[in-house]
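What follows is a set of notes on a single structure, which appears directly below.
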Amino acid sequence: MEETVLVDRHGAWAKVTLNRPDRLNAFNEEMHLRLASLLRELGEDAACRAVLLTGAGRGFCAGQDLGDRRPAADGTPPDLGATIERFYNPLVRRIRALRKPVICAVNGVAAGAGANIAFACDIVLAARSAKFIQSFSRIGLVPDSGGTYLLPRLVGEARAKALAMLAEPLAAEKAESWGLIWKAVDDEALAAEAEALAAHLATQPTEGLALIKEAIHASAHNTLDTQLDMERDLQRRAGRTPDYAEGVSAFLGKRAPSFSGRAS
Numbered sequence: 001m002e003e004t005v006l007v008d009r010h011g012a013w014a015k016v017t018l019n020r021p022d023r024l025n026a027f028n029e030e031m032h033l034r035l036a037s038l039l040r041e042l043g044e045d046a047a048c049r050a051v052l053l054t055g056a057g058r059g060f061c062a063g064q065d066l067g068d069r070r071p072a073a074d075g076t077p078p079d080l081g082a083t084i085e086r087f088y089n090p091l092v093r094r095i096r097a098l099r100k101p102v103i104c105a106v107n108g109v110a111a112g113a114g115a116n117i118a119f120a121c122d123i124v125l126a127a128r129s130a131k132f133i134q135s136f137s138r139i140g141l142v143p144d145s146g147g148t149y150l151l152p153r154l155v156g157e158a159r160a161k162a163l164a165m166l167a168e169p170l171a172a173e174k175a176e177s178w179g180l181i182w183k184a185v186d187d188e189a190l191a192a193e194a195e196a197l198a199a200h201l202a203t204q205p206t207e208g209l210a211l212i213k214e215a216i217h218a219s220a221h222n223t224l225d226t227q228l229d230m231e232r233d234l235q236r237r238a239g240r241t242p243d244y245a246e247g248v249s250a251f252l253g254k255r256a257p258s259f260s261g262r263a264s
């Protein structure tokens, strides 16, 4: 039986592919456990300096496989909060906390939790044919996997409410123009462009990128004074890394830098 999530190592970066194409890569428990294990492994692997997340087949991820979360035969409703607590919340936290860039290549529909998992990644590319759908309201649910946190911060309250309440598909190009994603690219160019981006980021000062990620995430709830102090502290740490020394040396020597990605 083929794995529900595939991993392909490419030297200093890894490609992680959601692999239930017959179900538009909708999550079941097995897929959650496999993805959590892989992300934990890649997060702890210092040799892996960037992660690319994508989907197999014609979709990125349709969110939760509802066949796994239907009411019991006696009509008892499932505990959807337990599912979120056990699987989705740890997944979003893990993606946000990885101390290396996480690129998402949205190759088709990204619906429900699938859309919000994409938005939790650091840089999102999408095929022009891709669509993002906050499908929760269609079945009487609330956006999860960070949707109610990320959407208003990315596009503002008015658009966030409309996306969540109307559950209308949002085309990739409009998602780009609204600031939900980094870039919409031609379908046939998506894989190559996403892989090239992952390969590039894997050569960059990994610890410095991790500190950038940390600072930007913290800015959502910090005051200006707190953020200024955080920038000072993170800059102090960045200035002590081997990659800062290498970057300055390369600049002064008019050569391309060779970053190690190490924190010390």
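Residues 1 to 264 in the numbering used here are what the sequence shown lists, from first letter to last. Note that the Cβ used here is the ideal one computed from N, Cα and C, for glycine as well.
- Query: Are PHE60 and VAL106 touching if we call contact CB-CB under 8 Å?
  - Reply: Walking along the sequence shown from the start, residue 60 turns up at place 60. Walking along the sequence shown from the start, residue 106 turns up at place 106. Yes, the Cβ-Cβ distance between PHE60 and VAL106 is below 8 Å.
- Task: Over the uninterrupted alpha helix (DSSP H) stretch that includes LYS183, give me the two end residues.
- Result: The residue you call residue 183 lines up with position 183 of the sequence shown. Here LYS183 belongs to no alpha helix (DSSP H); instead the beta strand (DSSP E) covers 183 to 185.
- Query: GLY253 to ALA245, Cα distance in whole Å?
  - Reply: Here residue 253 refers to the residue found at position 253 of the sequence shown. Here residue 245 refers to the residue found at position 245 of the sequence shown. Going by the C-alpha atoms only, they are around 12 Å apart.
- Message: Let me confirm a value: GLY239 is counted as buried when at least 16 other C-beta atoms fall within 10 Å, else exposed. Which label applies?
- Response: Residue numbering aside, residue 239 sits at position 239 when the sequence shown is read from its first letter. Exposed, by the Cβ-count rule.
- Query: LYS161: buried (16+ other C-beta within 10 angstroms of its C-beta) or exposed?
  - Reply: As a first step, residue 161 is located in the sequence shown; it is residue number 161 there, counting from the start. LYS161 is exposed by the Cβ-count criterion.
- Taking only runs of the alpha helix (DSSP H) that begin and end inside the segment 151 to 186, which ones reach a length of at least 4 residues, in chain order? 157 to 166 and 172 to 178
- Expressed to the nearest angstrom, what Euclidean distance is found between the alpha-carbon atoms of ALA46 and ILE123? Within the sequence shown, numbered from 1, the residue matching residue 46 stands at position 46. Within the sequence shown, numbered from 1, the residue matching residue 123 stands at position 123. For ALA46 and ILE123, the distance between alpha carbons rounds to 20 Å.
- Query: Nearest to ALA167 by CA position, among PRO101, LYS100, GLY81 and GLN134, is which residue?
  - Reply: Here residue 167 refers to the residue found at position 167 of the sequence shown. Checking every option, the nearest Cα to that of ALA167 belongs to GLN134.
- Query: Just how far apart, CA to CA, sit ALA97 and ILE139?
  - Reply: As a position in the sequence shown, residue 97 is number 97, starting the count at 1. As a position in the sequence shown, residue 139 is number 139, starting the count at 1. For ALA97 and ILE139, the distance between alpha carbons rounds to 31 Å.
- Item | Enclosing beta strand (DSSP E) for ILE103 [first to last residue] | To locate residue 103, count along the sequence shown from 1; it is residue 103. Segment 102 to 106, the beta strand (DSSP E) holding ILE103.
- Query: Taking C-alpha atoms, which residue in GLU2, LYS174, ARG153 and ARG40 lies nearest to ALA20?
  - Reply: By one-based count along the sequence shown, residue 20 stands at place 20. The amino acid occupying residue 20 in the given sequence is Arg; Ala does not appear at that position. Of the listed residues, the one whose Cα sits closest to ARG20 is GLU2.
- Item | Secondary structure of PHE27, DSSP reduced to three states | Indexing the sequence shown from 1 puts residue 27 at position 27. The answer is strand: DSSP assigns PHE27 an E or B state.
- Query: Alpha carbon to alpha carbon, what distance is there between ALA62 and ASP22?
  - Reply: Start at 1 with the first residue of the sequence shown, and residue 22 comes out as number 22. Start at 1 with the first residue of the sequence shown, and residue 62 comes out as number 62. ASP22 and ALA62: Cα-Cα distance of roughly 11 Å.
- Continuous alpha helix (DSSP H) stretch holding LYS213: start and end: Position 213 of the sequence shown, counted from the start, is the residue given in the question as residue 213. Per DSSP, LYS213 belongs to the alpha helix (DSSP H) from 206 to 218.
- By Cβ distance, which residues of its chain are closer than 8 Å to ASP186, with the 5 residues on each side in sequence left out? Position 186 of the sequence shown, counted from the first residue, corresponds to residue 186. ALA127 and ARG128, listed in sequence order.
- Short check: CB of VAL5 to CB of ARG40, under 8 Å? Along the sequence shown, one-based indexing puts residue 5 at 5. Along the sequence shown, one-based indexing puts residue 40 at 40. No.
- For HIS200, the first and last residue of its enclosing alpha helix (DSSP H): Within the sequence shown, numbered from 1, the residue matching residue 200 stands at position 200. Per DSSP, HIS200 belongs to the alpha helix (DSSP H) from 190 to 201.
- PRO257 versus LEU228 - alpha carbon distance: Here residue 257 refers to the residue found at position 257 when the sequence shown is read from its first residue. Here residue 228 refers to the residue found at position 228 when the sequence shown is read from its first residue. Taking the straight line joining both Cα atoms gives about 28 Å.
- Item | Proximity of ALA198 and ILE84 at Cβ, strictly below 8 Å | Here residue 198 is taken as the residue at index 198 of the sequence shown, counted from 1. Here residue 84 is taken as the residue at index 84 of the sequence shown, counted from 1. Not closer than 8 Å, so no.
- Query: Excluding sequence positions up to five away, which residues of its chain have a Cβ less than 6 Å from the Cβ of VAL109?
  - Reply: Mapped onto the sequence shown, residue 109 falls at position 109. GLY59 and LYS131.
- Message: Short of 6 Å in beta carbon distance, which residues of its chain neighbour PRO143, apart from the five on each side in sequence? Order them along the chain.
- Response: Counting from one through the sequence shown, the residue named residue 143 turns up at place 143. Counting only Cβ-Cβ distances below 6 Å, and skipping sequence neighbours, we find GLN134, PHE136 and ALA164.
- Query: Going by DSSP, which residues form a beta bridge with HIS10?
  - Reply: Translated into the one-based positions of the sequence shown, residue 10 becomes position 10. TRP13.
- Meets three-Cβ-pair contact criterion under 8 Å: the segment 214 to 234 and the segment 169 to 184: no
- Item | Minimum length 4: unbroken alpha helix (DSSP H) runs contained in the segment 30 to 97 | 80 to 83 and 89 to 97
- Is the distance from the Cβ of ALA36 to the Cβ of PRO90 below 8 Å? Here residue 36 corresponds to residue number 36 of the sequence shown, with the count starting at 1. Here residue 90 corresponds to residue number 90 of the sequence shown, with the count starting at 1. Cβ distance < 8 Å, so ALA36 and PRO90 count as in contact.
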